Each structure stands twice: as C-alpha cells, then as structure tokens.
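Peer 1: The structure follows.
There are 2 protein chains.
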Amino acid sequence: MERRPGGRSARVGDAVRQATLAELAEHGYQGLTVDNVAERSGVHKTTVYRRWGSTAGLIREALQQAEAEAWPVPDTGDVRGDLRALTRLVQEGFADPELGPVSTAFVAAAVQDQEAARALHAFYVSRHAQSAGLVRRAVARGELPEDVDPEEVIRFAVAPIFYRLFVTYEPVTAADAERAADAALAAARSGALGGTS
Amino acid sequence: MERRPGGRSARVGDAVRQATLAELAEHGYQGLTVDNVAERSGVHKTTVYRRWGSTAGLIREALQQAEAEAWPVPDTGDVRGDLRALTRLVQEGFADPELGPVSTAFVAAAVQDQEAARALHAFYVSRHAQSAGLVRRAVARGELPEDVDPEEVIRFAVAPIFYRLFVTYEPVTAADAERAADAALAAARSGALGGTS
DNA sequence: CTCCAATCGCAACTGATGTAGCTTTAGTAT
DNA sequence: ATACTAAAGCTACATCAGTTGCGATTGGAG
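Rendered as structure tokens:
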C-alpha cells in the first residue's frame, strides 16, 4: 500500500489532532473524552478508538507533534539572561490560558498512562538537548566551568517551576522563575553540576 | 450527636483506610478502585461512595493522615550532610516498593482532583515547614547567610528529584539526590536563595 | 429495656465509556 | 471505466463506575 498524503485517513487524522488540542485548551485533560473529540472533529467515535485507543493515545500523538516542533532557545548573550529567559518561557507557557492546559495535560496523562509517560520522556529528552546549547555557549564564552553537565543545568533551572506546579501546588511567579535560573547558575558556577563530580 | 470512637462508623473508617493503603501499595493509583477497596475492607461499595465520594476522596484522607505523622528531619551536624540525607530520604521513599506507589499515587491523584491537590499542597506546606528547621540550624551555625529563605532551600534541594520522577521520567539515583542537595547548598551560599533578593 | 437517630447494606437502576460485526466509502491500480 | 482494498461509518451491544430508595443494623440516650 502507498502513502496517501491527501487521502481520507490523513484528513481524519488532522481533524482529530486539531480537535484534541482544542478540547484540551478548553476543558483540560479532565474534560478530554473520546466522544467529545469525535463529535468536534466530525470523525466517528469507533474510528478514534481504533486508531488511537483512548484519550492517552491522543495525548501521545499530540506530544510527538510538540516534540517535532523546534522551540526557541534563548540567546541573549550571557548565561544569566539566557537561563532567566528560559525559565520565564516555561513559567509563562504554563500560565498561558491556551497553552497551559495542554502542557498540563501532558503531565497529567503521563501519570496515568505508561505510553504517554514514554512520549513525555522523549519530549523532554529533546527539549533538554536543545536547551543545553545555551549552556554550551556559556562554557565556550568562559562563563561556566568546562566540566559542567549542560543538561543538568537545564534540569536544575526548570525543576523548581514544575515542583510548584505539579507537586506542592504553590503559585509560580515570574520572580520564582528568575530565582530558579539564578540558583541553577550559582550551582553550575560552584561546580556542583559538574559532569563527573 | 456524640463521638463514638469504637463504634461501627469508626471500624468502617479504619477498615477502609487500611484497605486503601494496601491497594495502593499493591496496584498503585491506577488499580485503586472503589469496588476493590470495598471488597477488601468488607465495607459495602455504597458506603464508600457516600463517605468518600471517590478514589480521590480516599487519597485525600490518606494524605491528611500522612500529614499528621511527623517525619524525621535529618540532623547530622552540618548542612551538607543534612541536605544530602533529606534528598536521599525523598529518593528512597519513592524507590521503596511499598511506600513508593503510595507517594506516587498522591501526586497522580492531585493532578486529577482539585481537592486532592489542596490536600497535597497542605501536606507539602507542612513538610517544608518541618524540613526548613535544618536550614535554620545551619544559619544559626553560621554555615549559610542570614537572609536565606529556609523553605526555598528545601524546595530547590528536592525539586530535581520530583522533576525526574513526574515530568521527564528519567531514573533517579542516589547520586542524583546528593547532587541536588549540593546544588541547593551552593545556591543558598551564593545568596541566590535569599529571603528578599 | 426500649426507643431513636445515624449509618450501613442491599439490589436495582442510570449513564458513560468502550467493543463487535457488518456495511459503505474513498483512493489506487489495471 | 472498473475492480480491489484499506479504512471509516454505523448500529447494537457489553461493561462498569457511580447513584438512588428503602429496609436493616448499630450504638447511645432516656
């Protein structure tokens, strides 16, 4: 069988993907049901079950799409600025009324579904790899020690934001984001985020 | 109406609480169903629905119990040791085959249920308040600057562990826990976790 | 000891989620 | 054009979480 890029299957897939994102933005992961997605997309319920299996499957595909999209790693000229921009980007992403529920849904789905968790893992592996470039540039400029683990710096910078969002349910302000960036930077400079240490 | 500490209601409550924890330890939050808890506890399904509403309600009560239990804040004599012991405690808690699924269930339930999220928030407010004592002792010993925010140090120390567990789904080793402690310490010493800064 | 209020057990029911078997449609090859 | 095949549509059904109304049991008060 051949590829059918403009065929019915492709159209159905697009309609479902679009409907999934719209439903997520409106009702979050809680309100994401196969029935709603089917009705919104004009695709029949059984078709959605056959191709995606469940709402977790819909999330999986959305994640793979999100992973494919490159994301704007900050490049302000110095590490502090880059890290602060990065954490702000994360904080604002979750605060955004349209993007926030979608991103939150990814985390919620992963907690319930193994496959979604794998997809989310892959997503963040990709994000870390991209973001680490910011740290490597800083090392090249001599702003950070040579033996620093670039992805570890990224993890430490963003972790406190996620911790507040999904564990302690404390508010996350722009100041929190900046503080997280500064703390990660301090740790990186001190050698605590070294590659081998 | 009076309290009836040894009455039927109390017995029913105990049976359900115990069954909830047992089910969580065995099957995790995924496998926690009202029917299973009802059967295991010998309490009728309807009763569980009436008193707890749903599995999220069962989690809520388990959380309140967990919050009431004091937890062993390390006191080794120096900050580095205390922070490392703390992060190890968290890491080992989630790795423990009996405790891990229960703790994980708390996070999973909070993502789906508002009330569970509030209960989890309260739980961590309490944990932070207790753990912050470790930082205050360090300040008193002159190991950390006076203006450091004690609870912020705790957040930064444990956040990377939770980030790996519930966001990126990367493994969490003892070395990761220690590194997180050391990084938080470096940040605290640098002044990045100051109370007002 | 008797009665009362609260709570629990029970069985029948509702609604939503997910499945099975079959028919129809759309895209492709001859 | 015509025939072939993969995938989508459709109906009917199965399953299960959660609810409701009522009768039974429990524990305490007078």
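So the sequence lines, in the order shown, correspond to chains A and B. Numbering-wise (the working numbering), the first sequence opens with residue 1148 and increments by one. Numbering-wise (the working numbering), the second sequence opens with residue 1148 and increments by one. Positions of the beta carbon are idealized from the N, C-alpha and C atoms, including for glycine. All values derive from a computational prediction rather than experimental measurement.
(1) Pick out whichever of B:Tyr-1316, B:Glu-1262 and B:Leu-1332 has its Cα sitting closest to the Cα of Asp-1116 of chain B.
(2) In the DSSP assignment, what are the bridge partners of Gly-1341 of chain B?
(3) Note down, in chain order, all residues in the region 1305 to 1317 of chain A with a beta-carbon under 8 angstroms from any beta-carbon belonging to chain B.
(4) Would you identify the three-state DSSP class for Asp-1222 of chain A, choosing helix, strand or coil?
(5) What number of angstroms, rounded off, separates the C-alpha of Glu-1299 of chain A from the C-alpha of Arg-1198 of chain A?
(6) Evaluate Ser-1278 of chain B with the Cβ neighbour count: other Cβ atoms within 10 Å of its Cβ, from every protein chain shown; 16 or more gives buried, anything less gives exposed.
(7) Looking at the C-beta of Gln-1238 of chain A, does it have a partner C-beta in chain B at a distance below 8 angstroms?
(8) Would you kindly check if the distance between the Cβ of Ser-1201 of chain A and the Cβ of Ala-1162 of chain A is under 8 angstroms?
(9) Out of curiosity, what's the CA-to-CA distance linking Glu-1173 of chain B and Ala-1264 of chain A?
(10) Can you tell me which of the three DSSP states Pro-1263 of chain A falls into?
(11) Helix, strand or coil: which one does DSSP assign to Tyr-1316 of chain A?
(12) Go ahead and pull the three-state DSSP assignment for Gly-1160 of chain A.
(13) What does the alpha-carbon distance come out to for the pair Leu-1230 of chain A and Ala-1335 of chain A?
(14) Check the Cβ of Leu-1329 of chain A against every Cβ in chain B and list those closer than 7 angstroms, keeping chain order.
(15) So, with DSSP's three-state summary, where would you put Tyr-1196 of chain B?
(16) Taking Cβ-Cβ distances shorter than 9 angstroms, what residues in chain A pair up with Leu-1267 of chain B?
(17) Using a cut-off of 7 angstroms between C-beta atoms, extract the partners of Ala-1264 of chain A located in chain B.
(18) Have a look at Thr-1320 of chain A and Glu-1186 of chain B and give me their C-alpha separation to the nearest angstrom.
(19) Mind pulling the chain B residues with CB within less than 7 angstroms of Tyr-1271 of chain A?
(20) Can at least three beta-carbon pairs, one atom from the region 1309 to 1325 of chain A and one from the region 1228 to 1248 of chain A, be found at a separation below 8 angstroms?
(21) Does chain A have any CB closer than 8 angstroms to the CB of Arg-1326 of chain B?
(22) Distance, Cα to Cα, Gly-1160 of chain A vs Pro-1219 of chain A?
(23) Name the chain B residues whose beta carbon is nearer than 9 angstroms to that of Ala-1259 of chain A?
(24) Nearest-angstrom Cα distance between Phe-1253 of chain B and Leu-1179 of chain A?
(25) Is it the case that the region 1259 to 1275 of chain A contacts the region 1283 to 1290 of chain A, given that we only count it when at least three CB pairs across the two stretches are under 8 angstroms?
(26) Would Arg-1150 of chain B count as contacting chain A if we go by Cβ distances under 8 angstroms?
(27) Can you pull the chain B neighbours of Phe-1303 of chain A, defined as C-beta to C-beta under 7 angstroms?
(28) Going by C-alpha to C-alpha distance, which of A:Gly-1175, A:Gln-1211 and A:Ala-1328 sits closest to Ala-1266 of chain A?
(29) Kindly list, in the order they appear in chain A, the residues whose Cβ is closer than 9 angstroms to that of Ala-1276 of chain B.
(30) Using three-state DSSP, classify Ser-1201 of chain B as helix, strand or coil.
(31) Our contact map puts Val-1184 of chain A next to Leu-1205 of chain A with C-beta atoms below 8 angstroms; I'd like the distance itself, whole angstroms only.
(32) Taking only beta-carbon positions, decide if Ala-1132 of chain A is within less than 8 angstroms of chain B.
(33) Going by alpha carbons, who is nearest to Ser-1337 of chain B out of B:Asp-1294, B:Gln-1165 and B:Gln-1177?
(34) Kindly indicate if chain B contains any beta-carbon less than 8 angstroms away from that of Ala-1333 of chain A.
(35) Give a yes or no on whether the C-beta atoms belonging to Asp-1323 of chain B and Ala-1339 of chain A are separated by under 8 angstroms.
Peer 2: Quick answer:
(1) A query on residue 1116 of chain B cannot be resolved here, the shown segment of chain B reaching from 1148 to 1344 and no further.
(2) B:Val-1295
(3) Val-1305, Ala-1306, Pro-1307, Phe-1309, Tyr-1310, Arg-1311, Phe-1313, Val-1314, Thr-1315, Tyr-1316 and Glu-1317
(4) coil
(5) 37 angstroms
(6) buried
(7) no
(8) no
(9) 20 angstroms
(10) It should be pointed out that residue 1263 of chain A corresponds to Ala in this sequence rather than to Pro. It is helical.
(11) coil
(12) helix
(13) 12 angstroms
(14) Residue identity differs from the one stated: residue 1329 of chain A is Asp in this sequence, not Leu. Those are Ala-1339, listed as they occur along chain B.
(15) helix
(16) Val-1314, Thr-1315 and Tyr-1316
(17) Tyr-1316
(18) 45 angstroms
(19) Val-1314 and Thr-1315
(20) yes
(21) yes
(22) 27 angstroms
(23) For clarity, residue 1259 of chain A is Gln in the given sequence; the question names Ala instead. The contacting residues are Tyr-1176, Gln-1177, Ala-1255, Val-1258 and Gln-1259.
(24) 22 angstroms
(25) no
(26) Confidence in Arg-1150 of chain B is poor, its pLDDT being 47 and thus under 50, which makes the residue's placement unreliable; the coordinate value appears in the next sentence. No, Arg-1150 of chain B lies away from the interface with chain A (no Cβ there is under 8 angstroms from its Cβ).
(27) Pro-1307 and Ala-1330
(28) A:Gln-1211
(29) Correct list: empty, because the minimum Cβ distance to chain A is about 12 angstroms.
(30) coil
(31) 6 angstroms
(32) Outside the shown range of chain A (1148 to 1344) lies residue 1132 of chain A, about which nothing can therefore be said.
(33) B:Asp-1294
(34) yes
(35) no
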